[in-house]
Amino acid sequence: MGLHALGSDHNPRRSGHVSSLLRETLRLILACIVSLFYRVRVRGLENLPRKGGCLLVCNHISWMDTLIIGAACPRCIRFIAFDENLKAPVIGWISKLFQAIPINSAMGPKAMLTAFKTAREAMHNGDVVLIFAEGAISRTGQLLTFQRGLTKILDGIDVPVVPMYTDQMWGSIFSFRGGKFFTKWPERWTRRTVSVNFGKPVPATSTPFQLRQIVQQLGTQSWEERKNERRPLVCQFIRNAKRTKSHTKVVDSLHQKATSAELLLRSLVLSRVLYREYLKPDEKYVGVLLPPSVGGVTVNAALALLDRVAVNLNYTLTAKDMNDHIRVSGIKRVFTSHKFYEKLNLPLETEIVFVDDLKPKVAVTDKIWG
Numbered sequence: 151m152g153l154h155a156l157g158s159d160h161n162p163r164r165s166g167h168v169s170s171l172l173r174e175t176l177r178l179i180l181a182c183i184v185s186l187f188y189r190v191r192v193r194g195l196e197n198l199p200r201k202g203g204c205l206l207v208c209n210h211i212s213w214m215d216t217l218i219i220g221a222a223c224p225r226c227i228r229f230i231a232f233d234e235n236l237k238a239p240v241i242g243w244i245s246k247l248f249q250a251i252p253i254n255s256a257m258g259p260k261a262m263l264t265a266f267k268t269a270r271e272a273m274h275n276g277d278v279v280l281i282f283a284e285g286a287i288s289r290t291g292q293l294l295t296f297q298r299g300l301t302k303i304l305d306g307i308d309v310p311v312v313p314m315y316t317d318q319m320w321g322s323i324f325s326f327r328g329g330k331f332f333t334k335w336p337e338r339w340t341r342r343t344v345s346v347n348f349g350k351p352v353p354a355t356s357t358p359f360q361l362r363q364i365v366q367q368l369g370t371q372s373w374e375e376r377k378n379e380r381r382p383l384v385c386q387f388i389r390n391a392k393r394t395k396s397h398t399k400v401v402d403s404l405h406q407k408a409t410s411a412e413l414l415l416r417s418l419v420l421s422r423v424l425y426r427e428y429l430k431p432d433e434k435y436v437g438v439l440l441p442p443s444v445g446g447v448t449v450n451a452a453l454a455l456l457d458r459v460a461v462n463l464n465y466t467l468t469a470k471d472m473n474d475h476i477r478v479s480g481i482k483r484v485f486t487s488h489k490f491y492e493k494l495n496l497p498l499e500t501e502i503v504f505v506d507d508l509k510p511k512v513a514v515t516d517k518i519w520g
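Each position in the sequence shown, counted from 1, maps to that position plus 150 in the numbering used here.
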């Protein structure tokens with residue numbers, strides 16, 4: 151047998167190994183590309199079976215969901231998708247390599263049944279299959295109703311169903327936030343942090359409603375975990391002010407306004423004056439009696455920088471009710487303005503500090519530090 155004959159002999163096993171190697175190599179390349187633009191956090195990965203077939207049921211927020219999930223999952227995933235989304239030259243080749251399961255929407259319900267049959271066979275053979283149970287990308291960022299046909303994909307097969315939730319993709323250029331895909335400026339130019347959350351496997355007999363409830367709970371858990379990881383509000387205020395220095399941040403009814411840089415500077419200077427001249431170390435709650443205004447925002451921000459709780463008093467209350475509120479809250483002093491306090495004509499039973507009188511107390515070092 152000649153060399154030409156040996157080279158042309160088709161070996162299915164070798165072909166399968168080559169495809170598998172190419173698939174894993176491409177997965178690694180795509181994961182590296184994703185990591186350039188996204189910081190992907192994975193939670194609950196222990197809930198994904200290490201081997202054997204299973205069905206992943208996930209929410210759908212953006213056009214990047216498949217790549218994000220693919221980068222987060224250590225196993226190769228076969229996605230179920232409408233064939234019109236797989237026709238682009240590069241996407242089509244990648245989808246074919248990863249054995250995506252297409253649904254020909256032009257064929258109607260028959261196409262859906264054919265795709266589900268293919269998915270069942272794939273899971274029976276030990277593959278991981280993923281379906282976006284909403285049937286479309288969410289236009290609101292909220293979880294849509296799960297399609298009733300979801301249960302048909304599991305007809306006659308008993309495999310684990312793993313609910314999933316992708317978080318923090320809403321707002322990216324690949325989501326519909328702002329009423330459009332792609333043609334909008336990114337919210338940020340740095341890497342976006344997103345999370346992929348795997349829930350505990352549930353029986354294949356679970357209904358679409360039950361699965362949606364579980365996915366919704368995963369979304370709530372994701373938000374709670376994200377909330378605990380966020381920077382303190384004061385840190386966010388400073389960071390945002392430095393990033394948007396010239397942007398107008400506050401405007402009031404008297405047409406006074408302040409940019410981010412001006413608001414931060416005034417707050418820092420005022421916080422030094424309050425700390426040096428008025429506030430005691432054990433004084434946690436501080437009263438504020440000011441109208442919605444640039445000055446009111448500045449006082450609130452200055453107190454926040456000092457880790458104090460600004461108690462904004464309701465100026466529609468009677469003097470008795472307001473004094474009761476001050477006494478119960480343990481407020482030792484109230485910051486207000488001459489004009490506003492005289493207009494209200496409310497005798498308060500605590501120390502009154504007029505912010506109008508603080509300007510002479512600002513030292514040169516306060517301005518330099520600010």
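Positions of the beta carbon are idealized from the N, C-alpha and C atoms, including for glycine.
SER345 (DSSP reduced to helix, strand or coil):
strand
I'd like to know if the segment 199-207 and the segment 263-283 are in contact, where contact means that at least 3 CB-CB pairs between them fall below 8 Å.
yes
Alpha-carbon to alpha-carbon, PHE504 and LEU440
10 Å
For ALA231, three-class secondary structure by DSSP:
strand
Measure the C-alpha to C-alpha separation of LEU198 and VAL312 and round it to an integer number of angstroms.
7 Å
With C-beta atoms as the reference, is LEU413 less than 7 Å away from LYS399?
yes
Sorted by chain position, which residues of the same chain lie with C-beta nearer than 6 Å to LYS302's C-beta, five sequence neighbours on each side aside?
PHE266
Report yes if the C-beta of ARG200 is less than 6 Å from at least one heavy atom of the ligand ZN; otherwise report no.
Although the ligand ZN was asked about, the structure shown includes no ligands whatsoever.
LEU186 to SER322 span [Cα, whole Å]:
15 Å
Assigned exposure category for LEU404 - 16 Cβ within 10 Å defines buried
exposed
So which of ASP305, ALA272, SER325, THR295 has the shortest CA-CA distance to ARG289?
SER325
Exposure label - HIS210; buried when at least 16 CB within 10 Å
buried
Alpha-carbon to alpha-carbon, LEU293 and GLN366:
7 Å
Over what stretch of residues does the alpha helix (DSSP H) that includes LEU420 continue unbroken?
410-427
Taking its Cβ as the centre, do 16 or more other Cβ atoms sit within 10 Å of VAL346, making it buried, or is it exposed?
buried
Secondary structure at TYR315, three-state DSSP: helix, strand or coil?
strand
What is the rounded straight-line gap between the Cα of ASP233 and the Cα of ILE241?
11 Å
Could you have a look at PRO358 and say whether DSSP puts it in helix, strand or coil?
helix
In the DSSP output, which residue or residues are listed as bridge partners for PRO252?
ALA231
Which residues in the same chain have their Cβ closer than 8 Å to the Cβ of ARG298, if we skip the five residues on either side of it in sequence?
PRO358
Just to confirm the assignment, what range does the alpha helix (DSSP H) spanning VAL436 have?
Not the alpha helix (DSSP H): VAL436 falls in the beta strand (DSSP E), residues 435-439.
Taking buried to mean at least 16 other C-beta atoms within 10 Å of its own C-beta, is ALA513 buried or exposed?
exposed
Report the residue from PHE331, TYR188, PRO224 whose alpha carbon sits nearest the alpha carbon of THR175.
PRO224
Residue burial classification, SER170 (beta-carbon count within 10 angstroms, cutoff 16)
exposed
How should MET273 be labelled, buried or exposed, when 16 other C-beta atoms within 10 angstroms of its C-beta is the threshold for buried?
buried
Run through the DSSP bridge pairs and tell me what THR398 is partnered with.
THR409
Should GLY446 go down as buried or exposed, given a rule of 16 or more other Cβ atoms within 10 Å for buried?
buried
Pull up the distance between the alpha-carbon of ILE179 and that of GLY291, whole angstroms please.
29 Å
Based on the DSSP output, what are the partners of TYR188 in its beta bridges?
ARG342
Residues in the same chain with beta-carbon distance under 6 Å from VAL401, minus the five sequence neighbours each way, listed in chain order, please.
LYS407
Assess contact between the segment 493-500 and the segment 455-473, defined as three or more Cβ pairs (one per stretch) separated by less than 8 Å. Is contact present?
yes
Residue span of the alpha helix (DSSP H) that contains LEU494, given as start and end:
488-494
Tell me whether LEU195 is buried or exposed, calling it buried when 16 or more other Cβ atoms sit within 10 Å of its Cβ.
exposed
Buried/exposed call for PRO442, threshold 16 Cβ in 10 Å:
exposed
Which of helix, strand or coil does DSSP assign to VAL512?
coil
Tell me the residue span of the alpha helix (DSSP H) that contains CYS385.
383-393
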